[in-house]
Amino acid sequence: MKLTVKTDRNTLYLSADGNYQEQALHSFPLSACHFGLGHDAGSGHILTHNTFSGEAVQLFRFENEYQAIEALNNIRKKLKQQRGLNAVRRLSNFIFWPVAALGFIVSINGALMNMHQPAQPLQANSYAPAPGLQQPATAPEQLQVQAAPEAPKKLADNDLLSLKDAVTSGRFTISLSTGHKHTLYVFSDPMCPHCRALEPRLQELSKRYNVEIFPVSVYGDLRSMVRAAPVLDTGKDTRLKSWEDTINMGYTTMNPKIDDPKTAPDTTGARLVDANNMAFAKFGFIGTPSIVADSGDVIPVSVVKDDARLQQAIGE
C-alpha cells in the first residue's frame with residue numbers, strides 16, 4: 001500500500017490506495033499530529049493517530065514493518081517541512097527587529113536548511129497525554145521504530161552568544177530571576193507535561209540562579225502557540241505573572257480558540273515564539289524542556305533536579 005502525505009498551512013492530509021477499508025482520506029490539524037505504529041496478529045502493522053484524549057485510533061495497515069516505518073518517516077518529513085515553512089511565513093511579517101536582537105535572528109538564518117532532527121520526533125508512543133488521561137487497554141503493541149536521536153551536549157560558541165544576546169534584548173524570554181552569578185536558559189512549551197512538572201523546580205532554582213525561559217510551541221504546535229504568544233506580547237513587568245498563569249493553565253479551558261485553534265495569532269509575540277522555535281531546531285534540541293547552562297553545556301532534566309549534580313555541571 002502506498003501512503004500519500006500532503007500538507008497545507010494548517011492541515012496534514014493522508015490518503016492511501018488499497019482495499020475498500022483503506023480507500024480513505026484523513027485530515028488532521030497540524031496542532032494535533034501525534035502518530036505512532038502498532039502491531040497485532042489480526043491486522044498486522046498499523047499506523048495509528050493518538051487523539052487528545054489519549055485514544056490510539058487505527059488509520060492504515062501495511063504489509064510489512066518496512067512499509068509502516070517508511071510511511072511514518074514520510075509523515076515526519078512533511079510535518080517538519082510545513083512547520084518550518086509556516087515559521088518563515090510568520091517571521092517574514094515581523095520587520096522591525098530591535099538592534100539588540102539582530103544577533104539572535106542572524107544566528108537562526110538557514111535554520112530550515114539545518115533541521116537534521118525534528119523538534120518533536122513522531123515516533124511510536126511519542127505523545128504524552130494530559131495527566132489523568134490513560135491510553136486504552138486495547139491499544140496495539142508499539143513497535144520500536146528507531147533509536148531516539150541524541151540532543152547536543154554543548155552549544156557552539158556562536159549559538160551560546162546568540163542565546164545571551166536574545167536575553168539581553170528583553171524580547172524573547174521570561175526572566176524568572178536576575179542578579180545571580182550563573183544562568184540557566186530553558187526552552188519550555190506550555191503544553192508539555194514535563195515542562196509543567198519542572199516549573200516548580202525552576203522557581204526554586206531562581207533563588208540561586210538566573211533563569212531565562214524561552215517559550216516555544218514545538219510540542220503542542222498551535223495549542224502551545226496561542227498560549228505562549230500572549231506572554232511575549234506583555235511588558236517585562238507583567239510577563240512573569242503571565243507565564244505563571246499560562247504554564248499552570250489547564251490542558252483544556254472550554255475555550256475553542258485555545259483548545260482547538262485553527263491559525264496562529266498574527267502578533268509580535270507569535271513571531272517571537274517562532275524565532276525561539278527556529279533556534280530550538282537549529283541548536284539540535286529534540287524535546288522539551290531543553291536546558292542550557294551559561295557555559296553552553298546542555299543539562300539533562302535529571303541533573304537540574306539534583307542540587308549536587310547541578311552544582312557540579314555548572315562548575316560551582
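Residues in the sequence shown are numbered consecutively from 1, following UniProt numbering.
Using N, Cα and C, we set each Cβ at its ideal position, and we do this for glycine too.
Computed from a predicted model, the values in this text were never measured in an experiment.
Quiz item: Should the stretch 254 to 261 be regarded as contacting the stretch 195 to 206, the criterion being three or more beta carbon pairs within less than 8 Å?
Solution: no
Quiz prompt | Inter-residue CB distance, His194 and Val301 (contact presumed, cutoff 8 Å) | solution = 7 Å
Self-check item: Close-in-space but distant-in-sequence residues of the same chain around Val216 (CB under 6 Å, 5 per side omitted)
Solution: Phe187, Asp189, Asn276, Asn277 and Phe280
Quiz item: Would the beta-carbon of Leu59 fall within 8 Å of that of His26?
Solution: yes
Self-check item: 8 Å CB neighbourhood of Pro230 in its chain, flanking five on each side removed
Solution: Ser242, Thr246, Pro265, Thr267 and Gly269
Quiz item: Counting along the chain, where does the alpha helix (DSSP H) carrying Glu199 start and finish?
Solution: Pro193 to Leu205
Quiz item: Using the beta-carbon count (16 or more within 10 Å), is Glu212 buried or exposed?
Solution: buried
Self-check item: Thr288, buried or exposed, once every other Cβ within 10 Å from all chains shown has been counted against 16
Solution: buried
Quiz prompt | Boundaries of the alpha helix (DSSP H) in which Arg309 is found, first to last residue | solution = Asp307 to Ile314
Practice problem: Report the rounded CA-to-CA distance for Asp8 versus Arg83, giving the unit in angstroms. | Solution: 10 Å
Self-check item: Among Leu37, Lys77, Phe214 and Gly250, the one whose alpha carbon lies nearest that of Arg223
Solution: Gly250
Exercise. Under 8 Å by Cβ, that's how I've got Phe35 and Leu72 pegged, so tell me the actual separation to the nearest angstrom.
Key: 6 Å
Quiz item: What's the call for Val57, buried or exposed, on a 16-neighbour Cβ count within 10 Å?
Solution: exposed
Quiz item: Considering Arg61, what are the terminal residues of the beta strand (DSSP E) in which it resides?
Solution: Ala56 to Phe62
Practice problem: Buried or exposed for Thr238, please, with buried defined as at least 16 other CB atoms from any protein chain shown within 10 angstroms of its CB. | Solution: exposed
Self-check item: Classification of residue 357 by the beta-carbon crowding that lies within 10 angstroms, buried from 16 upward
Solution: Outside the modelled stretch of the chain, which goes from 1 to 316, sits residue 357, for which no answer is possible.
Self-check item: Assigned exposure category for Thr252 - 16 Cβ within 10 Å defines buried
Solution: exposed
Exercise. Counting only the same chain and skipping the five closest in sequence on each side, list residues whose C-beta sits under 6 Å from that of Leu227.
Key: What sits at residue 227 in the sequence shown is Arg, not Leu. Same-chain partners within the cutoff: Pro190 and Thr246.
Quiz item: Roughly how many angstroms separate the alpha carbons of Ile69 and Leu37, rounded to a whole number?
Solution: 8 Å
Self-check item: Reference Leu163; option with closest CA among Asn248, Tyr185 and His39
Solution: Tyr185
Quiz prompt | Residues sharing a beta bridge with Lys154, DSSP | solution = Asp297
Exercise. Taking only the alpha-carbon atoms, compute the straight-line gap between Val218 and Ser15 and give it to the nearest angstrom.
Key: 25 Å
Practice problem: Go through its chain and collect everything with a Cβ distance to Ile314's Cβ below 6 Å, but skip five positions before and after it. | Solution: His182 and Ala293
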